[in-house]
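Notes to accompany the following structure.
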Amino acid sequence: MGQLLRAKFGLLARHDFSPAGFGVSIVGVVVSAVAFGLRAFRLADHNIWYDEAFTLGIARLGFFEAALRTAADTHPPLYYWLLGIWESLVGAEPFGLRFLTVVLSVPAVAVGMALGRRAFGSVGALWAGLFLALNPLHLRWSQEVRMHAPALTFGLIGLYFGYRWLTDIKARRLHLVGYALGLSAAAFTVYLTAAVPLLAGLWAWKNRRGRAWVLASLGVFGLIVPWLGFALTRQRSWAAGPPTPLPEALRALPEGLILGRGGADSLWPLAALAVAAALLTGLAHPAGRGFAAGCILLTAFGVLLLLLFPRPLGYVPVYDPRYFLPAVPLLGLTLAAARSRLPAVALAAGVLGLLLAGTWQYLEGRRLTDDYLTLFRVLRTYAVPGDLVVLVSGDRLPIFEYYARRAGLTDLGVIPVSPRTDPGWRAQVDGLTGRFWLILMEPGIEDPDGEVPAYLRGRFVEAARFMFGYNGAVLFDPSGRPPTPARLEPEVRVNGPGGLFGYDPPIGRAGPGDRVYLTVYENPVGAPGRIELIDPAGKIRQVWDLAPANHPDLRFVSLVVEAGLPPGPYTWVFRSDGTAVRLGGLVVEGTRPPSGPAGPPARTLDIRFGDGITLTGVDLSPAEVRPGGAVAVRLYWAVVDKPTDDWQVFVHVVPSPGTTPVAQADVRPAGGLLPSYQWAAGDRFTDEIKIRLPEALPAGDYYVTAGLYRLADGRRNPTGTGESFAVLGRVVVTER
7 MGQLLRAKFG LLARHDFSPA GFGVSIVGVV VSAVAFGLRA FRLADHNIWY DEAFTLGIAR
67 LGFFEAALRT AADTHPPLYY WLLGIWESLV GAEPFGLRFL TVVLSVPAVA VGMALGRRAF
127 GSVGALWAGL FLALNPLHLR WSQEVRMHAP ALTFGLIGLY FGYRWLTDIK ARRLHLVGYA
187 LGLSAAAFTV YLTAAVPLLA GLWAWKNRRG RAWVLASLGV FGLIVPWLGF ALTRQRSWAA
247 GPPTPLPEAL RALPEGLILG RGGADSLWPL AALAVAAALL TGLAHPAGRG FAAGCILLTA
307 FGVLLLLLFP RPLGYVPVYD PRYFLPAVPL LGLTLAAARS RLPAVALAAG VLGLLLAGTW
367 QYLEGRRLTD DYLTLFRVLR TYAVPGDLVV LVSGDRLPIF EYYARRAGLT DLGVIPVSPR
427 TDPGWRAQVD GLTGRFWLIL MEPGIEDPDG EVPAYLRGRF VEAARFMFGY NGAVLFDPSG
487 RPPTPARLEP EVRVNGPGGL FGYDPPIGRA GPGDRVYLTV YENPVGAPGR IELIDPAGKI
547 RQVWDLAPAN HPDLRFVSLV VEAGLPPGPY TWVFRSDGTA VRLGGLVVEG TRPPSGPAGP
607 PARTLDIRFG DGITLTGVDL SPAEVRPGGA VAVRLYWAVV DKPTDDWQVF VHVVPSPGTT
667 PVAQADVRPA GGLLPSYQWA AGDRFTDEIK IRLPEALPAG DYYVTAGLYR LADGRRNPTG
727 TGESFAVLGR VVVTER
């Protein structure tokens, strides 16, 4: 009775609600929900990149134009058509656009579980579902505005129905129809994914329904062949890069299938062992041999097509694990064959552990960066009708078009230039008159030597420059006048102090090396304002003083997340005339503050420099040193008030205080991990410095002095007594 109840109502109990016979269980629903949650998590936390912008650009062409354009591309039009319809419903924000791929990708997990149940039972379904739900490669391509994961879903649907048509005792015509529809959808989304439903042929040998399956396949190809004949006449031959050497690709492939990585690292032997063991396990199980063979065939076909053929479909590819995505669910199904063998179960559990590690690493590194957001906010503010854009962007034109349209800049004329590929690019800009913008988007790709900015500065009048790292916007205007805002449209409006009337929210998460911009909008009224960054402990970590505004304008400040910035939630604050307004938050991740002093200094000091910094002690060793030896200095710093300047530490060995040094060292303070303008009151740091003495240094007594100087102009930070340095102690240089 207990077994009967578990079979009917247990977690793995199957309930059919459809004529197609898809099984539904509580565990199946849970696994599918986990897959959906992982794919929706941080969905918008990544910049729209070239492939996504390119895809969206084609989708916006309309039904017929998109079809014509895809005929000259490497993928057929189905996903582009669906995306065009989807964008008209949800808009062009990254989350909404990518959600289509999520919706079309998650069903692959349910279909994989259905296949696992048919072949191996309930536990096999669980293994197959978990493998695909947690797989980092499938997860990544389920979060992009691209067609690879949806094509896999269509292919798996075709394989499921083809498998049922060929293996069910009482198959239905509906299964054959479902196979044909799945094969058609897969082939019209990504050509090569048509191989997935065709794997049903592994079960067609000596099968009395095999003839009907062959006829259905030929009927689908009868629909595809005319399109292929049309597309092949329009294909353009081009290269994604140098072809990948076969040994390199084979080495990287196991990590691609298990961890979703594009190359091989120290984990590749473990990933290769897991893949090989999974395939051997599947081949040893009678019900798993077809799926293991299918995985091997898909992988071998991908290697053959992508690496050995010179120009398949006019395209010279490089290795990318996405091309092997169709093999991933087949690999999961081979693991499902391990359900009844304890060693194989341990293998499957180990593989799932690798998947979890890869998924965690992928999601942890998925972060939105401000490569272009603030650049286009500035352009939106200052561009006027009739402005032209000279674009130095490599192949970033689709990205420019996406962000320009999102910012409402649909009337800008664009002149892409490329010194790398077009020696005659100067002719494109020589005839420009009036004002125009130079937009730099990753210019190092097409203009690594900066030819375009230098040439334009020599011929036209530069009126303004807005730089965001190596990206930026430069305005050239014959009048030479800085631009005035054409429109001020803050994304968040506030009625704040100091004339503040709005701001654009910065990115919400950042890691070491990221640059974060906060944009505020001010009227020329009230006292000057300043922006403060408040750390998780409530301390002011960095400040930006804003000059008084002469007219309503946009201002932006830049934060570089240094490696030593304390991690955790931060708050942006605008303060003016004693009143503060919160402007959103920032979560800093992956940083580690410099360690404080491990113990008291050998010599206690109380030397107070300006800008709130105190030297509280020093360790100096050895007391005697030979020429050519080294003097080790450890400095102990305490912060008594918020520093605002960027100070550098110098340590000199001098014959007497104030004389020319015979040896010296200059270092960034706090071990180079945290610049002084990001120190906060109460911080304590140490710096360890070694100074190598000259080999020919005469014997005698020498002094060690230290101090701070401003990195921007070299000005020294005076002590409370007006000195420009502190005397740390004395060392004796002995005879050799």
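Here the working numbering is used: position 70 in the sequence shown is 76, and no number is missing along the way. Glycine included, C-beta positions come from ideal geometry on N, C-alpha and C.
CA-CA distance, GLY268 and GLY262?
Taking the first residue of the sequence shown as position 1, residue 268 is located at position 262. Taking the first residue of the sequence shown as position 1, residue 262 is located at position 256. Their Cα atoms are separated by approximately 6 Å.
Where ALA433 and HIS52 are concerned, what is the direct C-alpha to C-alpha distance, given to the nearest angstrom?
Taking the first residue of the sequence shown as 1, we reach residue 433 at position 427. Taking the first residue of the sequence shown as 1, we reach residue 52 at position 46. Rounded to whole angstroms, ALA433 to HIS52 spans 37 Å at the Cα level.
Just to check my reading of the structure: VAL435 and LEU462 have Cβ atoms closer than 8 Å, yes? What is that Cβ distance to the nearest angstrom?
As a first step, residue 435 must be located in the sequence shown, where it is residue number 429. As a first step, residue 462 must be located in the sequence shown, where it is residue number 456. The pair is a contact, with the Cβ atoms about 7 Å apart (cut-off 8 Å).
Taking just the CA atoms, how far does ILE546 sit from ARG581?
Counting from one through the sequence shown, the residue named residue 581 turns up at place 575. Counting from one through the sequence shown, the residue named residue 546 turns up at place 540. Going by the C-alpha atoms only, they are around 12 Å apart.
Identity of the residue in HIS154, ALA284, ILE175 nearest PHE776 by Cα
Since the displayed the chain opens at 7 and closes at 742, residue 776 lies outside it and no answer follows.
The segment 595-615 touching the segment 721-728, judged by at least three CB pairs closer than 8 Å:
yes
Given a threshold of 16 other Cβ atoms within 10 Å of its Cβ, counted over all protein chains shown, does ALA343 qualify as buried or as exposed?
For the purposes of this step, residue 343 is taken as residue 337 along the sequence shown, with counting starting at 1. It is buried - the Cβ of ALA343 has at least 16 other Cβ atoms within 10 Å.
For ASN477: DSSP bridge partner residues
What you label residue 477 is simply residue 471 of the sequence shown in a count that begins at 1. Answer by DSSP bridge pairing, in chain order: PHE474.
Proximity of ALA155 and THR80 at Cβ, strictly below 8 Å:
As a working mapping, residue 155 is identified with position 149 in the sequence shown. As a working mapping, residue 80 is identified with position 74 in the sequence shown. Against a cut-off of 8 Å, the Cβ pair of THR80 and ALA155 comes out as no contact.
Own chain, CB closer than 7 Å to ASP393, minus 5 neighbours either side, in chain order:
Sequence index remark: in the sequence shown, residue 393 carries index 387 (1-based). So the list reads LEU418, ARG441, PHE442, TRP443, once near-sequence residues are dropped.
With DSSP collapsed to three states, give me the class of SER601.
Against the sequence shown, residue 601 aligns to sequence position 595. It is coil, neither helix nor strand.
Since TYR388 contacts LEU481 with CB under 8 Å, what's their CB separation in whole angstroms?
The residue you call residue 388 lines up with position 382 of the sequence shown. The residue you call residue 481 lines up with position 475 of the sequence shown. The Cβ separation is near 7 Å, so the contact holds.
Taking just the CA atoms, how far does PHE507 sit from THR597?
Locating residue 597 in the sequence shown gives position 591, where the first residue counts as 1. Locating residue 507 in the sequence shown gives position 501, where the first residue counts as 1. Taking the straight line from one Cα to the other gives about 33 Å.
Report all residues from its chain with a CB closer than 6 Å to the CB of PRO25; omit the five preceding and five following residues, and keep chain order.
As a first step, residue 25 must be located in the sequence shown, where it is residue number 19. Unreliable placement is indicated for PRO25, whose pLDDT of 43 sits below 50; no coordinate value is reported for it.
Taking only three categories from DSSP, how would you classify GLN149?
Within the sequence shown, residue 149 is the residue found at index 143, counting from 1. GLN149 falls in the coil class under three-state DSSP.
Is it true that the CB of ALA186 sits closer than 8 Å to the CB of ALA192?
As a position in the sequence shown, residue 192 is number 186, starting the count at 1. As a position in the sequence shown, residue 186 is number 180, starting the count at 1. When the beta-carbon positions are compared, ALA192 and ALA186 stay at least 8 Å from each other.
Element boundaries [beta strand (DSSP E), containing GLN434]
Numbered from 1 along the sequence shown, position 428 holds the residue referred to as residue 434. Per DSSP, GLN434 belongs to no beta strand (DSSP E); it is in the alpha helix (DSSP H), 432-435.
Three or more C-beta pairs under 8 Å: does that hold for the segment 559-571 against the segment 379-386?
yes
Would you check if the distance between the CB atom of LEU734 and the CB atom of VAL637 is smaller than 8 Å?
Indexing the sequence shown from 1 puts residue 734 at position 728. Indexing the sequence shown from 1 puts residue 637 at position 631. Judged by their CB atoms, LEU734 and VAL637 are not nearer to each other than the 8 Å cut-off.
Helix, strand or coil: how does DSSP classify GLY486 here?
As a first step, residue 486 is located in the sequence shown; it is residue number 480 there, counting from the start. Three-state DSSP puts GLY486 in coil, outside helix and strand.
How many Å lie between PRO704 and VAL737 at the Cα?
Within the sequence shown, numbered from 1, the residue matching residue 704 stands at position 698. Within the sequence shown, numbered from 1, the residue matching residue 737 stands at position 731. Approximately 13 Å between the Cα atoms of the pair.
Could you give the C-beta distance for PRO603 and ARG690, rounded to a whole number, given that I count them as a contact under 8 Å?
Reading the sequence shown from its first residue, position 597 is the one you call residue 603. Reading the sequence shown from its first residue, position 684 is the one you call residue 690. The Cβ separation is near 6 Å, so the contact holds.
Leaving aside the five residues before and after PRO542 along the sequence, list all residues of the same chain whose C-beta is less than 6 Å from its C-beta, in chain order.
Position 536 of the sequence shown, counted from the first residue, corresponds to residue 542. Cβ-Cβ distances below 6 Å link PRO542 to GLY574, PRO575 in the same chain, with the five nearest sequence neighbours on each side left out; the list follows chain order.
If you follow the alpha helix (DSSP H) that TRP55 is in, where does it begin and where does it stop?
The residue given as residue 55 occupies position 49 in the sequence shown. Looking at the DSSP string, TRP55 is not in any alpha helix (DSSP H), and its letter there is neither H nor E.
Out of ALA157, LEU369, TRP578, state which residue places its alpha-carbon closest to the alpha-carbon of ARG536.
As a working note, residue 536 is residue 530 in the sequence shown. Out of ALA157, LEU369, TRP578, TRP578 has the C-alpha closest to the C-alpha of ARG536.
Looking at ASN213 and the ligand SAH, is the gap between the Cβ and the nearest heavy atom below 7 Å?
What this structure holds is no ligand at all, so the ligand SAH is not there to describe.
Taking 7 Å as the limit between beta carbons, can you name the residues of its chain near ALA702, skipping five residues before and five after?
The residue labelled residue 702 in the question sits at position 696 within the sequence shown. These residues qualify, in order along the chain: PRO633.
Own chain, CB closer than 7 Å to TRP209, minus 5 neighbours either side, in chain order:
Within the sequence shown, the letter at position 203 stands for residue 209. Within the same chain, TRP209 has close Cβ partners TYR169, LEU172, THR173, GLY296.
Backbone secondary structure at PHE137 - three-state DSSP
The residue labelled residue 137 in the question sits at position 131 within the sequence shown. Helix, per DSSP.
For VAL738, the three-state DSSP class (helix, strand or coil)
Here residue 738 refers to the residue found at position 732 of the sequence shown. Note: VAL738 maps to strand in three-state DSSP.
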